[in-house]
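I have placed the structure first, in the form of structure tokens, so that the comments after it can refer back to it.
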Amino acid sequence: MQKPQQYRHKEIKKNSKRNKKRIKTPKTTIKMPNDYKVSVRLKKDLIRGLGKHSHHRAAVKMLPTFVRATPDGTEKGDYLALDLGGTNFRVLYVRVVEEQQKVVKMDSKICSIPQEMMLGTGEQLFDHIAQCLGEFLESQDLKGQTLPLGFTFSFPCEQKEIDKSILIRWTKGFSCSGVEGQDVVKLLKEAIHRRGDYDIGSVAMVNDTVGTMMSCGYRDQSCEIGMIIGTGTNACYMEEIKNVKRVEGEDGRMCINTEWGGFGDDGSLKDILTEFDEVVDQTSINPGVHTFEKMISGMYLGEIVRLLLVKMAEDKLLFKGETSEALLTPGQFETKYISEIEDGLENAQKILTALGLNWDPVDACVVRLVCDTISSRSARLCAAALATISNRIRVNRGLDHLKTTVGVDGTVYRKHPNFSEELQAAVRLLAPKCDITFLVSEDGSGKGAAMVTAVAQTTCILPPSQQGATNPAAKKKKSVRT
Ligand code: BGC
């Protein structure tokens with residue numbers, strides 16, 4: 023039975039913006055997780071991931087990146103950059119100009135990765151990448167050169183060296199066979215050699231978080247954290263090498279790719295998962311994997327909202343108890359609708375109409391509140407994780423107060439009307455002794471990858487034989503910024 027209008031108004035008021043801690047339906051409660059508790063749990067997981075003996079069973083992998091320095095502004099040279107992490111693959115030709123302290127993106131090409139290829143064989147995927155790169159080099163008249171290449175590969179990889187990177191597992195809808203457990207640089211080079219019409223110089227493997235940190239680090243040298251909240255979510259930061267138990271050495275720092283998306287994979291977030299999170303996980307192509315990411319990132323938020331709306335309609339709290347074919351179809355409520363709906367009620371009305379729903383003005387308000395609840399939960403979970411990392415850096419350095427910059431990227435962070443504000447406010451509460459500046463990265467996956475390659479060359483991470491012969495940046499510099 024439909025609730026009387028008056029009662030429904032009351033319910034909205036009760037759950038209004040000022041008091042939106044939970045949305046109640048007769049059988050369901052979406053409760054805001056306790057940010058502080060989440061942060062305390064992650065703090066323990068970071069230590070477990072860094073440990074020599076605890077690492078293999080850690081949900082948060084804390085992967086060494088072999089990036090030991092952030093840019094110091096003297097980097098220069100010409101680079102190729104590849105970017106694979108979503109449904110598109112990009113190739114870029116990037117020039118880093120020292121004098122002007124800037125990175126110039128010279129040209130780029132985008133190739134789409136069809137869904138079948140995301141689920142096909144690794145060989146097909148890497149042949150496609152090599153073909154796209156070959157066409158780009160041809161169009162730029164660069165086929166005769168062997169330029170150094172930064173490969174942004176936004177999946178969890180166990181990096182053995184800067185140019186040896188073993189894929190641990192696919193995420194974000196990819197599942198190509200024969201790649202997990204393999205060295206991605208080797209697969210790329212093999213695909214290029216199968217063609218035999220061009221070659222590349224040294225390769226530096228880069229996670230997108232690292233590229234983001236490095237591209238911001240060029241503009242602001244106190245940038246020591248990189249964070250992505252887009253299709254997936256993750257962060258990296260500069261850790262003291264002495265704490266990275268799986269890497270030799272006591273002095274200096276190394277960038278750690280946390281892979282915080284895996285937080286909760288050992289059941290540690292069970293108490294805050296809702297029935298909707300569980301359905302999203304079970305119907306994904308990687309159940310049980312990347313639990314935290316599935317509560318936060320763009321690939322999943324729309325689906326969580328859809329499931330909630332279906333449940334509320336079934337419980338007769340929305341749409342006069344009716345659904346529509348579109349609302350019942352997985353994937354039909356896109357994550358971008360959340361931003362659009364929160365941006366204005368007229369958008370909500372248009373989207374509900376397009377989804378074939380029989381809505382009234384109260385429904386539109388409730389749907390907006392549902393979107394707000396799910397995006398707020400995402401922002402606050404990210405804030406809890408970011409606060410944990412910032413607090414860790416502060417304590418690592420024995421500082422009473424830390425001033426640092428976070429390089430950020432990702433559609434959820436960039437496009438949602440108040441996600442960034444909410445995240446920043448929550449971080450201020452959870453890390454009061456950290457003064458954090460947020461810098462939105464300009465093309466971290468392209469320019470940032472070039473920057474990682476430049477820093478890798480100037481700090482001698484890449485063996486001389488692999489350094490780009492034609493590259494002016496191949497001078498040697500030992501200094502590691504601390
Ligand atoms: C991957 C990370 C990546 C993040 C953001 C996650 O699914 O595991 O490596 O940084 O997405 O793209």
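Positions 23 to 504 (my numbering) are the ones given, in order, by the sequence shown.
Think of the CB as a built atom: it goes at the ideal place given N, C-alpha and C, for glycine as much as any other residue.
Note that the coordinates shown come from a computational prediction; the quantities given were computed from them, not determined experimentally.
7 Å CB neighbourhood of residue i in its chain, flanking five on each side removed
i: A348; result: Q354, L377, G378
i: M128; result: Y115, V116, R117
i: T351; result: none
i: A405; result: D57, L445, A448, V449, L452
i: G520; result: Summary: the structure shown does not reach residue 520, with the chain confined to residues 23 through 504, and so no result is reported for it.
i: P48; result: Confidence at P48 is low in this model, with a pLDDT of 43, below 50, so its placement is unreliable and no value can be given for it.
i: K43; result: Bear in mind that the predicted position of K43 carries a pLDDT of just 48, short of 50, making it too unreliable to give a figure here.
i: T345; result: V332, A335
Spatial neighbours of residue i in its chain, beta-carbon cut-off 6 Å, leaving aside the 5 residues before and after
i: G432; result: I250, I251, G252
i: P55; result: I294
i: L159; result: K165, Y220
i: T255; result: G283, E315, I318, S319
i: C277; result: T87, V89, V232, C258, M260
i: G429; result: T234, M235, C238, C245, G248, L461, S463
i: L330; result: F298, V392
i: D149; result: A213
Residue burial classification, residue i (beta-carbon count within 10 angstroms, cutoff 16)
i: S38; result: Low confidence applies here, because S38 scores a pLDDT of 44, under 50, leaving its location unreliable; read the following figure in that light. Flag for S38 reads exposed.
i: Q489; result: Model confidence at Q489 stands at a pLDDT of 40, short of 50, so the residue's coordinates are unreliable; what they give is reported in the following sentence. So Q489 counts as buried.
i: Q479; result: buried
i: E443; result: exposed
i: P170; result: buried
i: N279; result: buried
i: I307; result: exposed
i: H312; result: buried
i: G119; result: Reading the sequence as shown, one finds Val at residue 119 and not Gly. Label assigned to V119: exposed.
i: R275; result: buried
i: P383; result: exposed
i: S237; result: buried
i: S224; result: buried
i: T375; result: exposed
i: G420; result: exposed
i: D273; result: exposed
Start-to-end residues for the alpha helix (DSSP H) that takes in residue i
i: Q304; result: 297-304
i: L329; result: 320-336
i: I415; result: 383-418
i: D365; result: 357-365
i: V449; result: 441-452
i: T87; result: No alpha helix (DSSP H) holds T87; DSSP gives it neither H nor E.
i: K66; result: 57-72
Range covered by the beta strand (DSSP E) that runs through residue i
i: L104; result: 99-106
i: T96; result: From DSSP, T96 is part of no beta strand (DSSP E); its letter is neither H nor E.
i: N110; result: 110-119
i: I307; result: No beta strand (DSSP E) holds I307; DSSP gives it neither H nor E.
i: V430; result: 424-431
Sequence-distant residues of the same chain with beta carbon closer than 8 Å to residue i, five excluded per side
i: I373; result: Y359, E362, I363
i: Q204; result: G144, I188, L189
Within-8 Å CB hit, residue i to chain B
i: A409; result: Here there is only one protein chain, and chain B is not present.
* Uninterrupted beta strand (DSSP E) stretches inside the segment 192-260 (no shorter than 3 residues) -> For the segment 192-260, whole beta strand (DSSP E) runs of length 3 or above, ordered along the chain, are 225-228, 245-251.
| message | Check whether the segment 447-465 and the segment 389-409 are in contact - that is, three or more C-beta pairs closer than 8 Å. | response | Short answer: they touch.
Does the pairing of the segment 73-90 with the segment 262-277 give three or more beta-carbon distances under 8 Å?
At 8 Å Cβ cutoff, the stretches touch.
task: Just list the beta strand (DSSP E) runs in the segment 146-189, keeping only unbroken ones of 3 residues or longer that don't cross its boundaries, in chain order.
output: If one requires a minimum length of 3 residues, the beta strand (DSSP E) runs lying completely within the segment 146-189 are 171-175, 179-183, 186-189, in chain order.
>> Within 8 Å, do at least three Cβ pairs link the segment 198-213 to the segment 55-69?
In response: Here the segment 55-69 does not lie against the segment 198-213, with fewer than 3 beta-carbon pairs under 8 Å apart.
*In chain order, each beta strand (DSSP E) run of at least 3 residues that lies wholly inside the segment 258-297*: The qualifying runs are 275-279.
Report task. Determine, using beta-carbon pairs with one atom in the segment 458-471 and one in the segment 411-429, whether at least three such pairs fall under 8 Å. Result -> Segments in contact, yes.
message: Below 8 Å, how does it come out for the segment 105-113 and the segment 77-89: are there three or more Cβ pairs, yes or no?
response: The segment 105-113, when compared against the segment 77-89, does not touch it at the 8 Å Cβ threshold.
Query raised in the report: Would the segment 463-473 and the segment 435-442 be scored as touching if the rule is three or more Cβ pairs under 8 Å?
Result: When C-beta atoms of the segment 463-473 are compared with those of the segment 435-442, fewer than three pairs fall below 8 Å, so the two segments do not count as touching.
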